[in-house]
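The next block holds one structure in the form of structure tokens; read it before the comments.
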Amino acid sequence: MADREIQTLGAVSRPLPHDSAAAQISGTALYADDVPEAANILHGAFGLSTMAHARLTGLDLSAVQSAPGVVAVFSAINIPGKNDVSPFAGDDRLFAEDEVVYHGQALFLVVASSHQAARRAAKLGKAAYEPLPPLLSIAEALAADSLIEPAQSMGRGDVAAALAASPHRLSGRLAMGGQDHFYLEGQIAVATPQEQGGMHVLSSTQHPSEVQHIIARVLGLADAQVTVEVRRMGGGFGGKETQASLFAAGAALAAAAAGRQVKIRADRDDDMVLTGKRHEFETGYEVGFDEEGRIEAVSMELASRCGCSADLSQAINDRAMFHADNCYFYPAVKILSHRAKTHTVSATAFRGFGGPQGMIVAERMLDHIAHALGKDPLSVRLANLYGPGRDLTPYAMQVADNVAPQIIADLVASSDYTARRAAVADWNARHRIIKKGIALTPVKFGISFTTTHLNQGGALVNIYTDGSILLNHGGTEMGQGLMIKVAQVVADVFAVPVAQVRISSTRTDKVPNTSATAASSGSDLNGMAAFNAAAAIRARLVEFAAGHFGVEEEAVRFTPDGVVAGAQIVSFARLCQLAYLARVSLSATGFYATPAIHYDRASHTGRPFYYFAYGAAVAEVALDTLTGEHKVLAVDILHDVGKSLNPAIDLGQIEGGFIQGMGWLTTEELVFDADGRLLTHAPSTYKIPTASDRPARMKIELWAPGENAEPTIHRSKAVGEPPFMLANAVFCALTQAVAASVPSGGFPALDAPATPERILAAIAALRAGHG
Amino acid sequence: MSVRFLLDGEVITLDAPDPTGTLLEFLRGPLRRTGTKEGCAEGDCGACTLLLGTLAGEGCSARIAWRAVNSCIMFLPMLHGKALLTIESLGGAHPVQREMLERHGSQCGFCTPGIVMSLYARSIGALGAEQSVADCLAGNLCRCTGYGPILAAGAAVAAAPRDDAAIIAALRKLRDAPGAINYQGRRAFLPQTVEELAALYLAHPQARLVAGATDVGLWVTKQQRVLDELIFIADIEALRFMEETPDGLRLGAALRYAEAQAALARLHPALGELVRRIGGAQVRNAGTIGGNIANGSPIGDMPPSLIALGATLTLRRGAERRTMALEDFFLAYGKQDRQPGEFVESLFIPRPEPDALILIAKLSKRFDSDIAAVCGAIHLRVEDGTITQARLAFGGMAGTPKRAAHVEAALTGAPFTAAALEAAASLIGQDFAPLSDVRGTAAYRLTVAANLLRRLWAQSQGEIASVLELADG
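If you read the sequences in order, they're chains B and Y. Number 575 in numbering that gives the first Met the number 0 belongs to position 576 of the first sequence; there are no gaps in the numbering. Number 239 in numbering that gives the first Met the number 0 belongs to position 240 of the second sequence; there are no gaps in the numbering.
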């Protein structure tokens, strides 16, 4: 462990640009669709179902087969292995077989001489359906007892008694919509047959190992015959964790059959219809509290729309439960979670992985308490924070690294919260139509895959005799800056410039059996694995140098000026040459398994997280009581990334996460019609934030005292997901502004996303006395 | 005929290309210029942004008029005689690129080339360059950064016009007379004069007129429709005039939004603000005022406001012209008062009286680059405390952009008071029975349409009644 505490030698903690930035700004960074194609490449497109739930009684593909440019058509009967592209549950089909389970499900794949020819032909399939009643909403599914697994419950204490004994009680509800990932680069895979039955697939995926295993399963190959490679994704956000498999398996199936390279690049509309999204939730709570707003008991119910299959919904809904406390101590608590199985696209991972949905219920509940007591919601939040003697989560993990109180205190000061809250009240007293709201919300996000075995990472470091270093690890690059962070870690081990570390594609034939780059774990797992690989080589070099130069091992030091051995100094390259000539291996694998974590899912107790990441945000908003239009005016963020591996990358994650969270809670609305058809399947109708939606005043700072209490890589903290939930402040500020629109009108029943229409409806409900 | 255009000093010649082949496909395919990305293929994300240059002016005042456009919905014949700049044209060391790099403006990088091109367009004084950085980027979606570093990069780059002498000289050699394109039994025409257009359209009334292709482009990329006959009209100079007079503003049908924006803002600031929020810059740089009217959208970015201002439309068929009130052009959903072979030639917007009360509102889920749930315009004349004239028109409330006759009748002759406006607002349901769709329910539409009268009253009393007034923080 002491080895991991080595002094950083310069590369770590510097705000270096993203490793691909120079290529990206000049258009030379290659994404999967940019790599030169084989001369005889074929292009694939899926034919989609036009019913949400039906028995598939026939599939006439003759018109598809005879369409111009078409080379081959594939459906379930053409799969040599298993018709299963699911991550583990066995319930996701590559092509529908007997039953169609969502509107837009893939029925068949056509490959043709061009992308457009394939798309045109894909429209010509004639499916015969025997319609079955679809379950579309959470309520319909729960009423029909249609679930992906039995309801899960966690908590402690006699909640009913504690509620009954509480001085105050109230109950409320909150519904929130799903969210499309809207990665700018849509799903894509390029499969190229190799000699002797092998298959190489270039995939835009966060989980190359799983894609590899699924392709092998679908084609009936051994895992070792399939290589999956990803250099970079044009965005992932969880949408390419399990969702890439469909496209990769389809491309591989066609490539194997045709003996030609096959590319499937989903058109944006097809991508949005075919692939899973964030879970929509309907939630309710009953809470008992005292005069100060301090919670005595909570009973919470979370229900989500999981869609037509399990996908990762079990873990996602677990994570919603894990975050239904956020930073707050619930003395007596019960959290009940229902996982509805519906005839909609299977909901999947999305930044936060259920955490946002759970956490915002806590924030809603605290706003509700504050409203009932006529208090500043911040004072109620402060009264409920975890603290000494009040540090046990509903899943019985002790919160041992609680820095939320300090972060909040620092943010209250730096944002001038108190004065601004008074100014907002003053504005609201003087303005009839435009009302303002301000809110401060904290974030505590658990870091680790809650499925314990996934918390492992692998790396391969090769050093060549010129001293250049090739870095490979199991993590994938989707824009989050993982590659540069890990390169900084490795460069630091040898005290060489980061430019000396060559970053390469993530490939299943270099580092096997990797976990998805997900759960914000990329740099924690792969950074440490790469560190271990580099440290292994360094130890060999030290041993060699000590012998070669005749000094003690302690006298060998790696410095920016070269490797010092006693009174002698040689360049790093020279040392590598000497080591090579002395037959010392300059290649090493590295491995890391997160220590200390354990979880008993039967009782929902344990330590699922190695540590927590914290942050807090203040948002100030204005809304128009005549139209429901609203604008985020100012945002102040203080976020803890521990000791940052790269402050520039971390700040980028924080801002991007916040704006994405703001989109989820405001403009991004998924609309399905009564037949289960997604109506918002393109950017013309699905509105992610654009440049002017960024608040004009936005102050983002890393929390200076931040340092991970656990010995993570250089005491850094994960940053991918936690900042997403900083945007809860926007939703809470909007709630405040809606409440201010109808003073004494009650507590607003605002649901997410808070579109202008929902804002106006919430105001109207207050006016009608339905607060 | 051949389509010829200039790319980094090289003349690219396409012999009889697919008339609905897109520029993006051509760049990424045959030209192997893969820096330009496809994000949506419908002109809404900007990943495919590049610059299109047209020779403008004569003699020594000749210049290249550059504009950022979405290449995903630009058809190949539209390139004829133009110069192109793609991300590859910039090398990698342009100040925009340096600022993007140093300020960490790229994360996944997929939107980055398009964003660089939009910022580059602003830096060289391309069409719309006077707009704010955020306005120039409204058509460039980024899902990673939250935009802060990108906005900062855009703001940090100094304006620096290009030296286009070589391109001017090269484009002068490409000014040949285009003819028709024949491609696998499909035809496209590129008339150069209104007379040619009038004759062609009479002879081919079933042809589809294409100006900026910001709508028709999607018919091809999204609906995969096969268009057999096309007439491209965006480069007919005689359709691209603008006459500002004391009486009003006359605009040629092929004038692009961005080209008319300043004049429209001079007519009334609210009209300029409306144009600012239409599409992204790339859409405003391609889409035309005439196309927006002729395609008969029930929401219609411009028509409700134009109707409220009393605009008239001039149609032409052969040598015959007729002029009508704009509202009379819209007969029913998808149906306009346009004869076979007849086309929109120009639009006249009377200059409102200086004391006219005008409110224009576009209500959408997102402020920029969205399609409205309700697009409304109110135009009142008040004399001696009495409303002497009321014109209200709404989009998104019916199958066509439509006036609110009952509301207008109630207002006309009424005193300009809160009570009178309240009374009139209550009549909105008599004028409209809107539909519910992804953009809003019928109830929401009726409520906010009526509330626009309340907003007008509040603003007339000096109250702040739009959050956009607070947007600068």
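Glycine included, C-beta positions come from ideal geometry on N, C-alpha and C. Since this is a predicted model, take the numbers as computed values, not measurements.
Terminal residues of the continuous beta strand (DSSP E) containing residue i?
i: Lys-333/B; result: 331-340
i: Ala-612/B; result: 610-623
i: Met-198/B; result: 198-202
i: Leu-89/Y; result: Per DSSP, Leu-89/Y belongs to no beta strand (DSSP E) and is neither H nor E.
i: Ile-232/Y; result: Looking at the DSSP string, Ile-232/Y is not in any beta strand (DSSP E), and its letter there is neither H nor E.
i: Thr-226/B; result: 225-229
i: Ala-212/Y; result: First-last for Ala-212/Y: undefined, no H or E at that position.
i: Tyr-416/B; result: It is not in any beta strand (DSSP E) - Tyr-416/B instead sits in the alpha helix (DSSP H) that spans 416-429.
i: Tyr-128/B; result: 125-130
i: Trp-663/B; result: Unbroken run through Trp-663/B is the alpha helix (DSSP H), 646-664; no beta strand (DSSP E).
Which stretch, first to last residue, makes up the alpha helix (DSSP H) that contains residue i?
i: Met-320/B; result: 312-321
i: Ser-378/B; result: 376-383
i: Lys-484/B; result: 481-493
i: Ile-24/B; result: 20-25
i: Asn-461/B; result: Taken as a continuous stretch (DSSP letters only), Asn-461/B belongs to no alpha helix (DSSP H), being part of the beta strand (DSSP E) at 455-462.
i: Leu-452/Y; result: 441-459
i: Val-95/Y; result: 94-101
Taking the CB atoms as reference points, tell me whether residue i and residue j lie closer together than 8 Å.
i: Ser-504/B; j: Leu-470/B; result: no
i: Val-620/B; j: Leu-481/B; result: no
i: Val-617/B; j: Ala-736/B; result: no
i: His-629/B; j: Leu-725/B; result: no
i: Leu-58/B; j: Ser-48/B; result: no
i: Gly-176/B; j: Leu-749/B; result: no
i: Leu-208/Y; j: Ile-180/Y; result: no
i: Ala-252/Y; j: Ser-345/Y; result: yes
i: Tyr-609/B; j: Ala-595/B; result: yes
i: Ala-739/B; j: His-370/B; result: no
i: Ile-357/Y; j: Pro-351/Y; result: yes
i: Leu-5/Y; j: Ala-133/Y; result: no
i: Gly-46/B; j: Leu-106/B; result: yes
i: Ala-717/B; j: Ala-612/B; result: yes
Assuming residue i and residue j are in contact, meaning their beta carbons sit under 8 Å apart, how far apart are those beta carbons, in whole angstroms?
i: Leu-201/Y; j: Gly-340/Y; result: 4 Å
i: Leu-301/B; j: Ile-432/B; result: Contact doesn't hold; Cβ gap of about 36 Å is too wide.
i: Ala-339/B; j: Gln-260/B; result: The pair is not a contact, with the Cβ atoms about 41 Å apart (cut-off 8 Å).
i: Ala-51/B; j: His-102/B; result: 4 Å
i: Ala-254/B; j: Ala-71/B; result: Wrong, their Cβ atoms sit about 11 Å apart, outside the cutoff.
i: Gln-356/B; j: Phe-280/B; result: 4 Å
i: Leu-199/Y; j: Ala-125/Y; result: Incorrect: roughly 31 Å between the Cβ atoms, too far for contact.
i: Ala-262/Y; j: Asn-284/Y; result: That pair is no contact at about 16 Å.
Which one or two residues does DSSP pair with residue i in a beta bridge?
i: Leu-250/Y; result: Met-241/Y, Leu-346/Y
i: Asn-727/B; result: Partner(s): none; Asn-727/B has no beta bridge.
i: Lys-630/B; result: Ala-621/B
i: Phe-530/B; result: For Phe-530/B, which the question treats as bridged, DSSP gives no partner whatsoever.
i: Ser-303/B; result: Phe-280/B, Arg-338/B
i: Ala-360/Y; result: Gly-375/Y
i: Gln-335/Y; result: Phe-329/Y
Along the segment 448-462 of chain Y, what residues have a CB closer than 7 Å to any CB found in chain B?
Taking a C-beta cut-off of 7 Å against chain B, the contacting residues of the segment 448-462 of chain Y are Asn-450, Arg-453, Arg-454, Ala-457, Glu-462, listed in chain order.
Using a Cβ-Cβ cut-off of less than 7 Å, give me the residues of the segment 345-371 of chain Y that come near chain B, in sequence order.
Those residues of the segment 345-371 of chain Y that come within reach of chain B (Cβ to Cβ, closer than 7 Å) are Leu-362, Lys-364, Arg-365, Phe-366, Asp-367, Ser-368, Asp-369, Ile-370.
When Cβ atoms are compared, which residues of the segment 625-636 of chain B fall closer than 8 Å to chain Y?
Hits within the stretch, in order: Leu-625, Thr-626, Gly-627, Glu-628, His-629, Lys-630, Leu-632, Ala-633.
Name, going along the chain, the residues of the segment 12-32 of chain Y whose beta-carbon falls closer than 7 Å to a beta-carbon of chain B.
Residues: none.
Under 7 Å, CB to CB, which of the residues in the segment 14-27 of chain B have a partner in chain Y?
From the segment 14-27 of chain B, only Pro-16, His-17, Ser-19, Ala-20, Ala-21, Gln-23, Ile-24, Ser-25, Gly-26, Thr-27 have a Cβ closer than 7 Å to chain Y.
Please name the residues in the segment 402-422 of chain Y whose beta-carbon is closer than 7 Å to at least one beta-carbon of chain B, in chain order.
Within the segment 402-422 of chain Y, no residue qualifies.
Within 7 Å of chain B by C-beta, residues of the segment 109-121 of chain Y in sequence order
Result list: Phe-109, Cys-110, Thr-111, Pro-112, Val-115.
Identify each residue in the segment 668-693 of chain B for which the Cβ-Cβ distance to at least one residue of chain Y is less than 8 Å, and report them in chain order.
Going along the segment 668-693 of chain B in chain order, one finds Glu-668, Val-670, Leu-678, Thr-679, Ala-681, Pro-682, Ser-683, Thr-684, Lys-686, Ile-687, Pro-688, Thr-689, Ala-690, Ser-691, Asp-692, Arg-693 with a Cβ nearer than 8 Å to chain Y.
Interface positions of the segment 63-80 of chain Y facing chain B (Cβ-Cβ less than 9 Å), listed along the chain:
Contact annotation: in the segment 63-80 of chain Y, no residue has its CB less than 9 Å from a CB in chain B.
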